[in-house]
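S.K.:
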Amino acid sequence: MSSHEQFAVEEVTPSYWRITFSNGEVNLIDPDTVEQLAELVTRIEQAPELTAVVFRSANPDFFMAHWDFLSDRSRVAAMKPAASGLHPYADNMYRLAKVPAVTISEINGRARGGGSEFVLATDIRFAGPNAVLGQFEVGVGSVPGGNPSGRLPHLVGRGRALEILLGGDDFPADLAAEYGYVNRVLPEGELEQFVDTFARRIAGFDKSAVAQTKALVDAESLPTEESHGASLMAYFKSAGRPENAHRVRSLFERGLQKPDGVELDLGRRLAE
Numbered sequence: 007m008s009s010h011e012q013f014a015v016e017e018v019t020p021s022y023w024r025i026t027f028s029n030g031e032v033n034l035i036d037p038d039t040v041e042q043l044a045e046l047v048t049r050i051e052q053a054p055e056l057t058a059v060v061f062r063s064a065n066p067d068f069f070m071a072h073w074d075f076l077s078d079r080s081r082v083a084a085m086k087p088a089a090s091g092l093h094p095y096a097d098n099m100y101r102l103a104k105v106p107a108v109t110i111s112e113i114n115g116r117a118r119g120g121g122s123e124f125v126l127a128t129d130i131r132f133a134g135p136n137a138v139l140g141q142f143e144v145g146v147g148s149v150p151g152g153n154p155s156g157r158l159p160h161l162v163g164r165g166r167a168l169e170i171l172l173g174g175d176d177f178p179a180d181l182a183a184e185y186g187y188v189n190r191v192l193p194e195g196e197l198e199q200f201v202d203t204f205a206r207r208i209a210g211f212d213k214s215a216v217a218q219t220k221a222l223v224d225a226e227s228l229p230t231e232e233s234h235g236a237s238l239m240a241y242f243k244s245a246g247r248p249e250n251a252h253r254v255r256s257l258f259e260r261g262l263q264k265p266d267g268v269e270l271d272l273g274r275r276l277a278e
């Protein structure tokens with residue numbers, strides 16, 4: 007476990023938590039993220055009064071950029087399966103979506119790849135005007151591994167899901183809201199207050215009623231445990247193939263994983 011805690015938990019009240027993510031210059035997801043998120047999801051599951059959780063970012067430009075391409079692949083491959091039998095990355099996304107509390111993403115900045123998969127695993131997504139979402143994996147020769155293929159069709163429809171997943175482009179906040187990728191966009195300076203007010207409203211309701219209502223919606227709309235496993239296996243089989251190394255190398259040459267490089271407009275630059 008890294009000494010750096012990536013998820014800072016503020017227990018505002020027993021029924022309402024705010025959790026702020028922070029990891030490096032562009033908020034990358036790495037093996038430490040996987041391990042810490044597994045512990046955090048368990049903590050959320052076991053909090054007896056917790057009804058609403060807000061996920062935020064410490065970086066106004068990057069909610070969660072994407073998976074760290076320079077992380078230790080052998081460490082990820084060696085992670086022991088969770089109790090579900092799923093790899094911990096897939097298990098995190100599956101369990102996060104099903105926790106009894108309502109989870110809300112407060113999205114400022116960019117959430118691509120694994121960052122997009124994370125917000126899709128939360129129940130409700132509110133965005134600021136500068137938010138950007140996207141699944142760029144096909145542009146580097148990979149299959150998205152966190153099961154956006156299981157979530158997006160329920161949110162945006164099949165055609166738009168394929169547009170997002172196969173086009174690999176960026177979706178700015180307004181278009182993301184038009185498609186249903188996020189719930190709504192708040193004007194400049196209003197996102198934090200709106201989300202806080204909304205979360206406190208839910209947190210003030212009866213937890214049992216909230217949890218049971220969410221469970222009924224989950225039963226009609228969430229992808230299966232098996233689809234999470236299949237998605238990640240497809241990613242493991244497709245990622246890092248030698249024939250696509252030049253694509254990733256080109257992105258690094260143009261500033262991938264740097265706050266002032268290709269990360270700023272990755273969707274457009276991906277096709278260059």
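Residue numbers for the sequence shown follow the working numbering, so the first one is 7 and each next one is one higher.
Ideal placement from N, C-alpha and C gives every residue a C-beta, glycine not left out.
Only a predicted model underlies this, so the values are computations on that prediction, with no experimental measurement involved.
Determine the burial state of residue 214: buried for a count of at least 16 other Cβ atoms within 10 Å of its Cβ, exposed for fewer.
M.R.: Your numbering for residue 214 matches position 208 in the sequence shown. Result: exposed.
S.K.: Taking contact to mean 3 or more Cβ pairs, one atom from each stretch, closer than 8 Å, check whether the region 11 to 22 and the region 198 to 216 are in contact.
M.R.: The region 11 to 22 is in contact with the region 198 to 216.
S.K.: In angstroms with no decimal places, state the Cα-to-Cα distance between residue 23 and residue 45.
M.R.: As a first step, residue 23 must be located in the sequence shown, where it is residue number 17. As a first step, residue 45 must be located in the sequence shown, where it is residue number 39. One C-alpha to the other measures close to 15 Å.
S.K.: Please classify residue 85: does DSSP put it in a helix, a strand, or coil?
M.R.: Here residue 85 refers to the residue found at position 79 when the sequence shown is read from its first residue. In this structure, residue 85 counts as coil in the three-state DSSP scheme.
S.K.: Could you tell me the alpha carbon to alpha carbon distance between residue 70 and residue 99, rounded to whole angstroms?
M.R.: Taking the sequence shown and counting its residues from 1, one reaches residue 70 at position 64. Taking the sequence shown and counting its residues from 1, one reaches residue 99 at position 93. Computed Cα separation, rounded: 14 Å.
S.K.: Thinking C-beta only, is residue 112 closer than 7 Å to residue 144?
M.R.: Taking the sequence shown and counting its residues from 1, one reaches residue 144 at position 138. Taking the sequence shown and counting its residues from 1, one reaches residue 112 at position 106. Result no, Cβ atoms of residue 144 and residue 112 do not sit closer than 7 Å.
S.K.: With respect to the alpha helix (DSSP H) encompassing residue 222, which residues constitute its N-terminal and C-terminal limits?
M.R.: For this step, residue 222 is matched to residue 216 along the sequence shown. Per DSSP, residue 222 belongs to the alpha helix (DSSP H) from 213 to 227.
S.K.: For residue 195, which option in 268, 133, 175, 155 has the closest C-alpha, if you only look at C-alpha atoms?
M.R.: Locating residue 195 in the sequence shown gives position 189, counting from the first residue. When only C-alpha atoms are compared, the closest one is 133.
S.K.: First and last residue of the alpha helix (DSSP H) that includes residue 41?
M.R.: For the purposes of this step, residue 41 is taken as residue 35 along the sequence shown, with counting starting at 1. First-last of the alpha helix (DSSP H) with residue 41: 37 to 52.
S.K.: Check whether the Cβ of residue 94 lies closer than 7 Å to any Cβ atom in chain B.
M.R.: Here there is only one protein chain, and chain B is not present.
S.K.: How close, in whole Å, do the beta carbons of residue 68 and residue 116 come, if the pair is a contact with beta carbons under 8 Å?
M.R.: Numbered from 1 along the sequence shown, position 62 holds the residue referred to as residue 68. Numbered from 1 along the sequence shown, position 110 holds the residue referred to as residue 116. With a Cβ gap of about 5 Å, residue 68 and residue 116 count as contacting.
S.K.: Residue 187 by DSSP, collapsed to three states: which one?
M.R.: To locate residue 187, count along the sequence shown from 1; it is residue 181. If DSSP states are grouped into helix, strand and coil, residue 187 belongs with coil.
S.K.: What does DSSP give as the partner residue(s) for residue 70 in the beta ladder?
M.R.: For the purposes of this step, residue 70 is taken as residue 64 along the sequence shown, with counting starting at 1. In the DSSP output, where bridge partners are listed per residue, residue 70 has 117.
S.K.: By Cβ distance below 8 Å, which residues in the same chain neighbour residue 90 in space, the five residues on each side in sequence not counted?
M.R.: Residue numbering aside, residue 90 sits at position 84 when the sequence shown is read from its first letter. Same-chain partners within the cutoff: 97, 100, 101, 231.
S.K.: Are the CB atoms of residue 161 and residue 186 nearer to each other than 7 Å?
M.R.: Position 155 of the sequence shown, counted from the start, is the residue given in the question as residue 161. Position 180 of the sequence shown, counted from the start, is the residue given in the question as residue 186. Their beta carbons are under 7 Å apart, which means residue 161 touches residue 186 by this criterion.
S.K.: Pair every Cβ in the region 256 to 270 with every Cβ in the region 161 to 176, then say whether three or more of these pairs are closer than 8 Å.
M.R.: With the cut-off at 8 Å, the region 256 to 270 and the region 161 to 176 do not touch.
S.K.: Going by beta carbon distance, what residues of the same chain come within less than 6 Å of residue 74, once the five residues before and after it are set aside?
M.R.: For the purposes of this step, residue 74 is taken as the residue at position 68 of the sequence shown. So the list reads 34, 36, once near-sequence residues are dropped.
S.K.: Tell me, to the nearest whole angstrom, how far the beta carbon of residue 5 is from that of residue 176; I am working on the premise that it is less than 8 Å.
M.R.: Given a span of 7 to 278 for the chain in the structure shown, any question on residue 5 remains unanswerable.
S.K.: To the nearest whole angstrom, what separates the beta carbons of residue 40 and residue 85, a pair I think is in contact under 8 Å?
M.R.: Your numbering for residue 40 matches position 34 in the sequence shown. Your numbering for residue 85 matches position 79 in the sequence shown. Residue 40 to residue 85, Cβ: 7 Å. Contact.
S.K.: Please say whether residue 170 and residue 105 have beta carbons closer to each other than 7 Å?
M.R.: Residue 105 sits at position 99 when you count from the first residue of the sequence shown. Residue 170 sits at position 164 when you count from the first residue of the sequence shown. No. Outside cutoff.
S.K.: Could you give the distance in angstroms between the alpha-carbon of residue 142 and the alpha-carbon of residue 95?
M.R.: The residue you call residue 142 lines up with position 136 of the sequence shown. The residue you call residue 95 lines up with position 89 of the sequence shown. Rounded to the nearest angstrom, the two C-alpha atoms are 18 Å apart.
S.K.: Leaving aside the five residues before and after residue 7 along the sequence, list all residues of the same chain whose C-beta is less than 8 Å from its C-beta, in chain order.
M.R.: Within the sequence shown, the letter at position 1 stands for residue 7. Any reading at residue 7 needs caution, since the residue's pLDDT is 43, under 50, leaving its predicted position unreliable; the model's value is listed next. Taken in chain order, the residues that qualify are 38, 41, 42.
S.K.: Using the Cβ count rule (16 or more neighbours within 10 Å means buried), how would you classify residue 229?
M.R.: Position 223 of the sequence shown, counted from the start, is the residue given in the question as residue 229. Buried.
S.K.: Is DSSP giving residue 158 helix, strand or coil here?
M.R.: Residue numbering aside, residue 158 sits at position 152 when the sequence shown is read from its first letter. Reduced to three states, the DSSP call for residue 158 is helix.
S.K.: Does DSSP classify residue 108 as helix, strand or coil?
M.R.: Within the sequence shown, numbered from 1, the residue matching residue 108 stands at position 102. Reduced to three states, the DSSP call for residue 108 is strand.
S.K.: Going by the beta-carbon positions, is the gap between residue 77 and residue 27 smaller than 7 Å?
M.R.: Position 71 of the sequence shown, counted from the first residue, corresponds to residue 77. Position 21 of the sequence shown, counted from the first residue, corresponds to residue 27. The answer is no: Cβ separation not under 7 Å.
S.K.: Name the DSSP beta bridge partners of residue 132, please?
M.R.: As a position in the sequence shown, residue 132 is number 126, starting the count at 1. Residue 132 is bridged to 112, 190.
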